[in-house]
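Engineer: Residues 18 to 281, numbered by the numbering used here, are exactly what the sequence shown covers, in order.
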Amino acid sequence: MKSILVPVGSSKNAESHLQYAVDFARAFGAKLYVVQVYNVYTKAGTMIKVDHILERESLEFLKGHVSKIDTKGVEVVVKTFKGKLVDTIELACEALNVDLILLEPRTNSIKDEVYLGKTSGKIVKQTNIPALIIPEGYVYKPIVKILLAVKSAIIRKEDALNPLKAIKNQFKAVVNLLLVKTPFYNEGDLDVDEDLASLITNTTTSENATTYQGVLEHYKNNNPDLLCVVRRKRGFFVKKWEKSTILKKDFSSALPVLVLRGLK
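1) Can you have a look at V276 and say buried or exposed, based on whether 16 or more other CB atoms are within 10 angstroms of its CB?
2) Okay, do the segment 66-84 and the segment 106-124 touch, 3+ Cβ pairs below 8 Å being the bar?
3) Threshold first: 3 residues or longer. Then list the beta strand (DSSP E) segments lying entirely within the segment 134-208, N to C.
4) Expressed to the nearest angstrom, what Euclidean distance is found between the alpha-carbon atoms of V255 and L117?
5) Give me the Cα-Cα distance between Y50 and V95, rounded to the nearest whole angstrom.
6) For K237, name the three-state secondary structure that DSSP assigns.
7) Should G26 be labelled buried (16 or more other beta-carbon atoms within 10 Å of its own) or exposed?
8) Considering only the alpha carbon of each residue, which of I140, V91 and V83 lies closest to L108?
9) Determine the burial state of T97: buried for a count of at least 16 other Cβ atoms within 10 Å of its Cβ, exposed for fewer.
10) Only counting the same chain, and skipping five residues up and downstream in sequence, which positions put a Cβ closer than 6 Å to that of S33?
11) Under the rule that 16 or more other beta-carbon atoms within 10 Å means buried, what is S28, buried or exposed?
12) Hey, L165 and L194: beta-carbon distance below 8 Å or not?
13) Pop quiz: A42 and V91 are said to be a contact at Cβ under 8 Å. What is the actual Cβ separation, rounded to whole angstroms?
14) What residue range is occupied by the uninterrupted beta strand (DSSP E) comprising S27?
15) Please return the same chain residues whose Cβ sits closer than 8 Å to the Cβ of V52, not counting the five positions on each side in sequence.
16) In chain order, what residues of the same chain have a beta carbon less than 7 Å from the beta carbon of T88, not counting five sequence neighbours either side?
17) Excluding the five sequence neighbours on either side, which residues of its own chain have a C-beta within less than 6 Å of the C-beta of I127, listed in chain order?
18) Quick check on V232: buried or exposed, where buried means 16 or more other Cβ atoms within 10 Å of its Cβ?
19) In chain order, what residues of the same chain have a beta carbon less than 7 Å from the beta carbon of G100, not counting five sequence neighbours either side?
20) Rounded to the nearest angstrom, what separates A190 and V209 at their Cα positions?
21) What does F98 pair with, by DSSP beta-bridge criteria?
22) Can you list, in chain order, the residues of its chain whose CB lies under 8 Å from that of E234, leaving out five sequence neighbours each side?
23) Between the alpha carbons of Q230 and V156, how many angstroms are there, rounded?
24) Counting along the chain, where does the alpha helix (DSSP H) carrying S75 start and finish?
25) Per DSSP, which residues does I106 bridge with? Please list them.
26) Could you give the DSSP three-state label for T228: helix, strand or coil?
27) Does DSSP classify S33 as helix, strand or coil?
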């Protein structure tokens with residue numbers, strides 16, 4: 018893992034999240050891109066050009082955040098981009114060869130009942146970039162145990178497991194697999210191929226209505242430091258992904274969640 022991107026919003030947790038991102042990047046010797054996306058809305062008849070003003074203010078804002086963080090041993094690059102949030106972040110990740118996005122659950126939501134806010138929800142749902150969601154106020158520590166929860170172990174995308182492999186190898190972590198047989202089960206969904214099997218220490222099979230319910234039933238027994246799930250068109254959280262906002266009553270995780278892009 019050589020390149021990590023952190024979108025910075027206006028949340029009160031931004032500084033804590035950025036420190037985690039720096040510490041995480043340090044463990045991998047990765048370059049960290051700290052970015053902010055801004056858009057310009059002008060009224061009819063407005064003559065003043067505000068692009069350069071917004072860009073300057075955005076850069077100053079980001080540099081101010083970075084100055085408060087211990088960045089020793091990490092190459093931190095500050096960048097601002099103009100455009101629509103999701104499209105711009107995806108283009109930036111492609112241009113910068115980003116391996117992983119680190120997200121806050123809530124970048125600007127002030128509602129206490131919200132787990133995954135609108136901005137973070139859009140990035141997770143609408144991009145194909147692997148994402149690591151870090152709980153608010155979470156302090157960096159090595160990842161010892163990982164729980165990978167899937168309803169189908171079929172892997173057709175060659176690099177789909179790369180983020181999981183990188184984290185496992187870096188921390189010498191144990192990966193336990195939870196195979197959830199849902200009503201949407203297809204023949205062969207629970208067959209584990211050699212590539213995935215090489216990562217796994219223990220496997221548990223469960224029957225639940227959704228992958229989400231399977232995780233709720235089993236993750237405490239596994240006591241992981243990291244929960245790993247897959248974003249599919251009809252995957253983890255099922256209908257909960259259909260809205261950009263996810264409520265804490267629907268899902269609240271006290272541990273980081275790695276969201277892999279679809280495996281097939």
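We put the beta carbon where it would ideally sit given N, CA and C, even for glycine.
Structural biologist: Walking through what the data contain:
1) Counting Cβ neighbours within 10 Å, V276 comes out buried, since at least 16 surround it.
2) Not touching, per the Cβ criterion.
3) Entirely contained in the segment 134-208, the beta strand (DSSP E) runs reaching 3 residues are, in chain order, 148-150, 162-167 and 191-198.
4) Note that V255 scores 42 on pLDDT, short of 50, meaning its location in the model is unreliable and no value can be drawn from it.
5) If I take the Cα positions, the gap works out to 6 Å.
6) Assignment of K237 by DSSP, reduced to helix, strand and coil, places it in the helix class.
7) By the neighbour-count rule (16 or more Cβ atoms within 10 Å), G26 is buried.
8) L108 has its Cα closest to that of I140, out of I140, V91 and V83.
9) By the C-beta density criterion, T97 is buried, having at least 16 other C-beta atoms within 10 angstroms.
10) Around S33, the same chain offers G154 as residues with beta carbons nearer than 6 Å, after the five sequence neighbours per side are excluded.
11) Burial call: buried.
12) In this structure, L165 lies near L194, with their beta-carbon atoms less than 8 Å apart.
13) Approximately 5 Å separates the beta-carbon atoms of A42 and V91; this is inside 8 Å, confirming the contact.
14) Counting along the chain, S27 falls outside any beta strand (DSSP E), and DSSP gives it neither H nor E.
15) The beta carbon of V52 lies closer than 8 Å to those of L22, V23, P24, V25, L79, V95, K96, T97, F98, I106 and A109 in the same chain, with the five residues before and after it left out.
16) Closer than 7 Å at Cβ, skipping near neighbours: V39.
17) Residue confidence for I127 is low, a pLDDT of 45 falling below 50, so the modelled location carries little weight; the figure read from the coordinates is stated next. Excluding five sequence positions before and after I127, none of the CB atoms of its chain fall closer than 6 Å to its own CB.
18) Looking at its Cβ environment, which holds 16 or more other Cβ atoms inside 10 Å, V232 is buried.
19) Around G100, the same chain offers V54 and N56 as residues with beta carbons nearer than 7 Å, after the five sequence neighbours per side are excluded.
20) So the alpha carbons of these two residues sit roughly 19 Å apart.
21) For F98, which the question treats as bridged, DSSP gives the partners V54.
22) Around E234, the same chain offers S223 and N225 as residues with beta carbons nearer than 8 Å, after the five sequence neighbours per side are excluded.
23) Answer to the nearest angstrom: the Cα atoms are 27 Å apart.
24) Bounds of the alpha helix (DSSP H) holding S75 are D68 to S84.
25) Bridge partners of I106: none, in fact.
26) In this structure, T228 counts as helix in the three-state DSSP scheme.
27) S33 sits in a helix when the DSSP states are folded into three classes.
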